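A.B. asks: In our numbering, the protein residues as written are 129 to 458.
What follows is a single structure, and I will ask about it in a moment.
Now the structure itself:
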């Protein structure tokens, strides 16, 4: 049975403490630490609400156990970014049975109950990455370093966006995919080894590396640097991390897609408020995502493409980071 904590139309909570769980795959990536900090501040602004955060360290069994523990602790809402979309399904079903609202945060579970799924438009991100690649290198050898299949809600739409752009060039024989690998846990060391292998295979003849995110891009760039090719090969990314933005200014990474984490956390808080006040019908969903069990209400929000040409306008002038923050990123 679902219980409402916020009276409809009110920001004030009636009665018991609202416990919100936030289950993330890792704290090793900049974006997750930023999300946690933003959500802590926003939850702290609510009356009688608390945020319980657990990081799975890229271990799906650990994440499963952590969610079980949060159920025991009495959470009423779970924001979850699954490490493995399929592995957490049973425990997310258990959340539903206990009356807990389950919201997929950037990623979603498969074959299980989900109340909602909020995420960036990953198909558009993939499209942006590939469009910029063919704009700069319409011919040549490409390496694709994608996320692994455990992140199906990211991997499938991103690949669709990428291949929708690349396939005509591949069909004409202008572009050749010399290596494609789904990087386990988006581990930059694996990506580095992959690019090193591709360089060996082609005799250092690579024109573009489409990397799923900025973490992976960093590993790819390290491999290119070892061959003296950093800054000479197209490299994409995603997340808009400060280190990636620094690499864009330096010329070793070509582009990234900025994820506005402040907007993302605002959307999460709005969903929490509306689910727990009985006004979920007011959430402006953009579509549905079939996770194998159900059509999950989906809310997509747009990414921002960042290159050296527009970084001043899209990042610095927009107030995401100062030039000093980017230049001094580590």
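Ideal Cβ positions, reconstructed from N, Cα and C, are used throughout, including at glycine.
Just so it is clear, the structure is predicted and the values come from calculations on it, not from any experiment.
Just checking my contact of residue 251 with residue 291 at CB under 8 angstroms: how many whole Å lie between their CB atoms?
C.D. replies: Locating residue 251 in the chain shown gives position 123, where the first residue counts as 1. Locating residue 291 in the chain shown gives position 163, where the first residue counts as 1. Incorrect: roughly 11 angstroms between the Cβ atoms, too far for contact.
A.B. asks: Compare the Cα-Cα distances from residue 174 to each of 431, 145 and 438 and report the closest residue.
C.D. replies: Within the chain shown, residue 174 is the residue found at index 46, counting from 1. With distances taken between Cα atoms, residue 174 lies closest to 145.
A.B. asks: Have a look at the DSSP bridge pairing and note the partners of residue 423.
C.D. replies: Translated into positions along the chain shown, residue 423 becomes position 295. DSSP lists 418 as partners of residue 423.
A.B. asks: Quick test of the definition: if touching needs 3 or more C-beta pairs under 8 angstroms, does the segment 235-248 touch the segment 412-432?
C.D. replies: yes
A.B. asks: At what residues does the beta strand (DSSP E) containing residue 112 begin and finish?
C.D. replies: An answer regarding residue 112 cannot be provided, because it is not within the stretch 129 to 458 covered by the chain.
A.B. asks: Can you name, in chain order, every residue of its own chain whose Cβ lies under 7 angstroms from the Cβ of residue 155, other than the five neighbours on each side?
C.D. replies: In the chain shown, residue 155 corresponds to position 27, counting from 1. Closer than 7 angstroms at Cβ, skipping near neighbours: 161 and 183.
A.B. asks: Can you list, in chain order, the residues of its chain whose CB lies under 7 angstroms from that of residue 201, leaving out five sequence neighbours each side?
C.D. replies: Residue numbering aside, residue 201 sits at position 73 when the chain shown is read from its first letter. Same-chain partners within the cutoff: 147 and 180.
A.B. asks: Suppose the cutoff is 6 angstroms on Cβ atoms and the five residues either side in sequence are ignored; what does the same chain contact list for residue 417 look like?
C.D. replies: Taking the chain shown and counting its residues from 1, the one referred to as residue 417 is at position 289. Close CB contacts of residue 417 within its chain, under the 6 angstroms cut and outside five residues either way in sequence, are with 245, 424 and 426 (chain order).
A.B. asks: Might you give, ordered along the chain, the residues of its own chain that have their beta carbon closer than 8 angstroms to the beta carbon of residue 413, omitting 5 neighbours on each side?
C.D. replies: The count along the chain shown starts at 1 and reaches residue 413 at position 285. Once the five neighbours on either side are set aside, the close Cβ partners of residue 413 are 244, 425, 426 and 427.
A.B. asks: Count the other CB atoms within 10 Å of the CB of residue 384; is the residue buried (16 or more) or exposed (fewer)?
C.D. replies: One-based indexing of the chain shown puts residue 384 at position 256. So residue 384 ends up on the buried side.
A.B. asks: Could you tell me the alpha carbon to alpha carbon distance between residue 382 and residue 309, rounded to whole angstroms?
C.D. replies: Translated into positions along the chain shown, residue 382 becomes position 254. Translated into positions along the chain shown, residue 309 becomes position 181. Cα to Cα, residue 382 sits roughly 20 angstroms from residue 309.
A.B. asks: Across the segment 229-239 and the segment 371-382, are there enough close Cβ pairs to call them in contact, namely three or more that are closer than 8 angstroms?
C.D. replies: no
A.B. asks: Contact defined as beta carbons within less than 8 angstroms: I believe residue 317 pairs with residue 339. What is the distance between those atoms, to the nearest angstrom?
C.D. replies: Indexing the chain shown from 1 puts residue 317 at position 189. Indexing the chain shown from 1 puts residue 339 at position 211. With a Cβ gap of about 13 angstroms, residue 317 and residue 339 do not count as contacting.
A.B. asks: Is the segment 354-371 close to the segment 326-339, with three or more CB pairs under 8 angstroms?
C.D. replies: yes
A.B. asks: Of all the CB atoms in chain C, is at least one closer than 8 angstroms to the CB of residue 329?
C.D. replies: No chain C appears in this structure, which consists of one protein chain only.
A.B. asks: With burial defined as no fewer than 16 other Cβ atoms inside 10 Å of the residue's Cβ, what is the status of residue 140: buried or exposed?
C.D. replies: Working through the chain shown from its first residue, we reach residue 140 at position 12. The predicted model places residue 140 with a pLDDT of 45, which falls under 50 and marks its position as unreliable; any figure quoted below should be read in that light. Classification for residue 140: exposed.
A.B. asks: If residue 322 sits next to residue 275, beta carbons under 8 angstroms apart, how far is it from one beta carbon to the other, in whole angstroms?
C.D. replies: Translated into positions along the chain shown, residue 322 becomes position 194. Translated into positions along the chain shown, residue 275 becomes position 147. Going by Cβ atoms, the distance from residue 322 to residue 275 rounds to 13 angstroms, so no, they are not a contact pair.
A.B. asks: How about the segment 289-304 and the segment 197-212: do they share at least three Cβ pairs that are nearer than 8 angstroms?
C.D. replies: No contact exists between the segment 289-304 and the segment 197-212.
A.B. asks: Going residue by residue through the segment 183-244, where are the continuous alpha helix (DSSP H) segments of at least 4 residues, counting only ones entirely within it?
C.D. replies: The alpha helix (DSSP H) runs lying completely inside the segment 183-244 and spanning 4 residues or more are 188-201 and 217-225, given in chain order.
A.B. asks: State the beta-bridge partners of residue 435 as determined by DSSP.
C.D. replies: In the chain shown, residue 435 corresponds to position 307, counting from 1. DSSP output for residue 435 lists 383 as bridge partner(s).
A.B. asks: Less than 8 angstroms between the C-beta atoms of residue 344 and residue 311, yes or no?
C.D. replies: By one-based count along the chain shown, residue 344 stands at place 216. By one-based count along the chain shown, residue 311 stands at place 183. Yes; because the gap between Cβ atoms is below 8 angstroms, this pair is in contact.
A.B. asks: For residue 355, which residues in the same chain have their Cβ closer than 7 angstroms to its Cβ, ignoring the five residues on either side in sequence?
C.D. replies: Your numbering for residue 355 matches position 227 in the chain shown. The residues are 327 and 332.
A.B. asks: Alpha carbons only, please: which of 432, 415, 186 and 253 is nearest the one belonging to residue 289?
C.D. replies: Position 161 of the chain shown, counted from the start, is the residue given in the question as residue 289. Of the candidates 432, 415, 186 and 253, the one whose C-alpha sits nearest the C-alpha of residue 289 is 253.
A.B. asks: So, using beta-carbon positions, are residue 394 and residue 432 closer together than 8 angstroms?
C.D. replies: Here residue 394 corresponds to residue number 266 of the chain shown, with the count starting at 1. Here residue 432 corresponds to residue number 304 of the chain shown, with the count starting at 1. Cβ atoms of residue 394 and residue 432: not closer than 8 angstroms.
A.B. asks: Thinking residue 357 and residue 448 are a contact (beta carbons under 8 angstroms), I'd like their distance in whole angstroms, please.
C.D. replies: Within the chain shown, the letter at position 229 stands for residue 357. Within the chain shown, the letter at position 320 stands for residue 448. In this structure, residue 357 and residue 448 do not form a Cβ contact; the two beta carbons are roughly 29 angstroms apart against a cut-off of 8 angstroms.
A.B. asks: Taking only the alpha-carbon atoms, compute the straight-line gap between residue 178 and residue 168 and give it to the nearest angstrom.
C.D. replies: Here residue 178 is taken as the residue at index 50 of the chain shown, counted from 1. Here residue 168 is taken as the residue at index 40 of the chain shown, counted from 1. Using only the alpha carbons, I get a separation of about 8 angstroms.
A.B. asks: For a test of the three-state rule: what should DSSP assign to residue 246, helix, strand or coil?
C.D. replies: Here residue 246 is taken as the residue at index 118 of the chain shown, counted from 1. The answer is strand: DSSP assigns residue 246 an E or B state.
A.B. asks: Count the other C-beta atoms from every protein chain shown that fall within 10 angstroms of the C-beta of residue 396, then say buried if there are 16 or more, exposed otherwise.
C.D. replies: Here residue 396 corresponds to residue number 268 of the chain shown, with the count starting at 1. Result: buried.
A.B. asks: Below 8 angstroms between beta carbons: does that hold for residue 377 and residue 439?
C.D. replies: As a first step, residue 377 is located in the chain shown; it is residue number 249 there, counting from the start. As a first step, residue 439 is located in the chain shown; it is residue number 311 there, counting from the start. Against a cut-off of 8 angstroms, the Cβ pair of residue 439 and residue 377 comes out as a contact.
A.B. asks: Going by C-alpha distance, which of 152, 435, 238 and 408 is nearest residue 278?
C.D. replies: Along the chain shown, one-based indexing puts residue 278 at 150. Checked all of 152, 435, 238 and 408; the closest Cα to residue 278 is 238.
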